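So the structure is just underneath, and the comments pick up after that.
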Amino acid sequence: MFQSKILGLGKYVPEQVVTNHDLSKLMETSDEWIQERTGIEERRHIKKGDGNSTAIMGLKAAKQAIERADIDKDDIELIVFATLSPDYYFPGCGVQIQEMLGIKTCPALDVRNQCSGFVYGISVADQYIKTGMYKNVLVIGSENHSGGLDMTTRSRHVSVIFGDGAGAALLSRSDDDSGILSTHLHAQGEYIDELSLRGPSTEMWVPEIIAKNPQEDIPYFPKMNGQLVFKNAVVRFSEVIQEGLEFNNLKKEDIDMLIPHQANLRISQFIQKKLRLEDSQVHNNIQKYGNTTAASIPIALTEAWEEGKIKKGDLVVLAAFGSGFTWGSVILRW
Ligand code: UT7
1 MFQSKILGLG KYVPEQVVTN HDLSKLMETS DEWIQERTGI EERRHIKKGD
51 GNSTAIMGLK AAKQAIERAD IDKDDIELIV FATLSPDYYF PGCGVQIQEM
101 LGIKTCPALD VRNQCSGFVY GISVADQYIK TGMYKNVLVI GSENHSGGLD
151 MTTRSRHVSV IFGDGAGAAL LSRSDDDSGI LSTHLHAQGE YIDELSLRGP
201 STEMWVPEII AKNPQEDIPY FPKMNGQLVF KNAVVRFSEV IQEGLEFNNL
251 KKEDIDMLIP HQANLRISQF IQKKLRLEDS QVHNNIQKYG NTTAASIPIA
301 LTEAWEEGKI KKGDLVVLAA FGSGFTWGSV ILRW
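Counting along the sequence shown from 1, when you hit position 252 you're at 252 in UniProt numbering, and nothing is skipped either side.
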């Protein structure tokens, strides 16, 4: 068996900053409510005409990760792309990235696990590298939420949370002791409707939606039972981090850096308290970017690394929870 490690990281967020005050012009909300309940101060939204899309933002993050990994793009043997907001209904963004990077026929896989998408993607990449099937795998998380949100008071508890952006990691076969120690994935489909976007889909085709012309419970806008999601998130985050630590015979005191999926600053703070970590041991940036779903962990991980917060030998923990419900963790030695 081989071990995989992160060789290069990259991130990209669109230039347009949307503040809480900007949102309060579109719906009944306030900077005070959003900051108090979520910690979010602003987020980035794609601006019409700025050339960005989920795949394009993913490409920008990927190029940075590849450059920092200092490998030839033609040595990438698998692309894993995690998103809930693809450019096309089908095919997924993976093939777009492959074509835009100019890689001939390497496989491209799309992951549909929402906020846990990047953790699921890392786990997939890790298995392929462990078995020796591939040496270099590109994992991307990218989201264009802004175009698909209901920017009215009806959906304010959902729409104020999400932001656009992308992050990427180039995983490669490790040549020393550093790298991914283990990954842990879970899902619980009984909660499918608690955080979802129902249509358009094969269960609800576009003509059907148009014919029904719903005014409430609109299937093409995301809906969320915020309190139930919150309650499940704090439990599952803690469980899956503990599971990863125990699997590796480690204790919470061994964690040097925790990168939680940026769902809500209050959730991150709850986990931090439970694990008794200092502020310097948890990297949060939801204040600036909102919740970017599959992109949130790679953006935060890249930022923490860029700021020099992660050093060689550090024990780094990634953890996510989201729609599905799905959740997971990655335990890695930097
Ligand atoms: O990344 C995927 C996983 N997602 C999450 O982990 C999200 C988890 N959930 C949450 O973060 C929180 O549930 C939210 C931030 C989404 C909502 O906060 P909450 O404290 O659970 O609020 P709520 O939905 O229970 O609403 C409380 C009140 C309601 O008013 P009334 O009925 O008490 O008069 C809402 O109508 O706050 C109102 N409200 C708002 N007011 C101003 C809801 N959204 C807003 C808003 N601005 N944006």
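In this text, a Cβ means the ideal position worked out from N, Cα and C, and glycines have one as well. Quick caveat: nothing in here was measured; it's all calculated off a predicted structure.
Presumed contact (8 Å Cβ cut-off) between residue 118 and residue 92, rounded CB distance: Within the sequence shown, the letter at position 118 stands for residue 118. Within the sequence shown, the letter at position 92 stands for residue 92. In fact, because the Cβ distance is near 15 Å, the residues do not count as touching under 8 Å.
Range of the contiguous beta strand (DSSP E) that encloses residue 57: Taking the first residue of the sequence shown as position 1, residue 57 is located at position 57. Here residue 57 belongs to no beta strand (DSSP E); instead the alpha helix (DSSP H) covers 54 to 69.
Assigned secondary structure, residue 38 (DSSP; H/G/I helix, E/B strand, else coil): Position 38 of the sequence shown, counted from the start, is the residue given in the question as residue 38. In this structure, residue 38 counts as helix in the three-state DSSP scheme.
Residue 276: CB within 7 Å of a non-hydrogen atom of the ligand UT7: The sequence position of residue 276 within the sequence shown is 276, counting from 1. Not so, every heavy atom of the ligand UT7 lies at least 7 Å from the Cβ.
Cβ neighbour criterion (16 or more within 10 Å) applied to residue 335: Here the chain covers residues 1 to 334 and nothing more, so residue 335 does not appear.
DSSP state of residue 2 mapped onto helix, strand, coil: As a working note, residue 2 is residue 2 in the sequence shown. Residue state, collapsed to three classes: coil.
Segment contact flag, the segment 21 to 33 with the segment 124 to 141, C-beta cutoff 8 Å, min 3 pairs: no
Residue 291: CB within 7 Å of a non-hydrogen atom of the ligand UT7: Taking the first residue of the sequence shown as position 1, residue 291 is located at position 291. Residue 291: yes, Cβ under 7 Å from the ligand UT7.
Residue 101 vs residue 62 beta-carbon contact at 8 Å: For the purposes of this step, residue 101 is taken as the residue at position 101 of the sequence shown. For the purposes of this step, residue 62 is taken as the residue at position 62 of the sequence shown. In contact: residue 101 and residue 62 (Cβ atoms closer than 8 Å).
Ranges of the beta strand (DSSP E) found wholly within the segment 306 to 332, counting only runs of at least 3: 315 to 322
Exposure of residue 146, with buried meaning 16 or more beta-carbon neighbours within 10 Å: Numbered from its first residue, the sequence shown carries residue 146 at position 146. Residue 146 is buried by the Cβ-count criterion.
Contact set for residue 265: own chain, Cβ-Cβ below 8 Å, skip 5 residues either direction: Here residue 265 is taken as the residue at index 265 of the sequence shown, counted from 1. So the list reads 38, 39, 40, 284, 286, 287, once near-sequence residues are dropped.
Contact belief for residue 292 with residue 194 at Cβ below 8 Å, rounded distance in angstroms: What you label residue 292 is simply residue 292 of the sequence shown in a count that begins at 1. What you label residue 194 is simply residue 194 of the sequence shown in a count that begins at 1. Between residue 194 and residue 292 the Cβ distance is about 20 Å, and since that is not below 8 Å, they are no contact.
Distance cut-off 7 Å: residue 97 Cβ against heavy atoms of the ligand UT7: For the purposes of this step, residue 97 is taken as residue 97 along the sequence shown, with counting starting at 1. For the ligand UT7, not one heavy atom lies less than 7 Å from the Cβ of residue 97.
Host beta strand (DSSP E) of residue 260 (start-end): Within the sequence shown, the letter at position 260 stands for residue 260. Unbroken beta strand (DSSP E) run through residue 260: 257 to 260.
At least three beta-carbon pairs within less than 8 Å, the segment 119 to 128 to the segment 177 to 193: yes
Burial state of residue 335 (16 or more Cβ within 10 Å): Since the first residue shown for the chain is 1 and the last is 334, residue 335 is missing from the structure and cannot be characterised.
Distance CB(residue 166)-CB(residue 60) smaller than 8 Å: Here residue 166 is taken as the residue at index 166 of the sequence shown, counted from 1. Here residue 60 is taken as the residue at index 60 of the sequence shown, counted from 1. Taking 8 Å as the Cβ cut-off, residue 166 and residue 60 qualify as a contacting pair.
Limits of the alpha helix (DSSP H) - the one that residue 228 falls within: In the sequence shown, residue 228 corresponds to position 228, counting from 1. From DSSP, the alpha helix (DSSP H) with residue 228 extends over 226 to 247.
Identified DSSP bridge partners for residue 12: The residue you call residue 12 lines up with position 12 of the sequence shown. 166.
Chain-order list of residues whose beta-carbon lies under 6 Å from that of residue 222 (same chain, five-residue window excluded): For the purposes of this step, residue 222 is identified with residue 222 of the sequence shown, where counting begins at 1. Same-chain partners within the cutoff: 158, 197.
Residue 69 to residue 89 span [Cα, whole Å]: What you label residue 69 is simply residue 69 of the sequence shown in a count that begins at 1. What you label residue 89 is simply residue 89 of the sequence shown in a count that begins at 1. Approximately 31 Å, taken between the alpha carbons.
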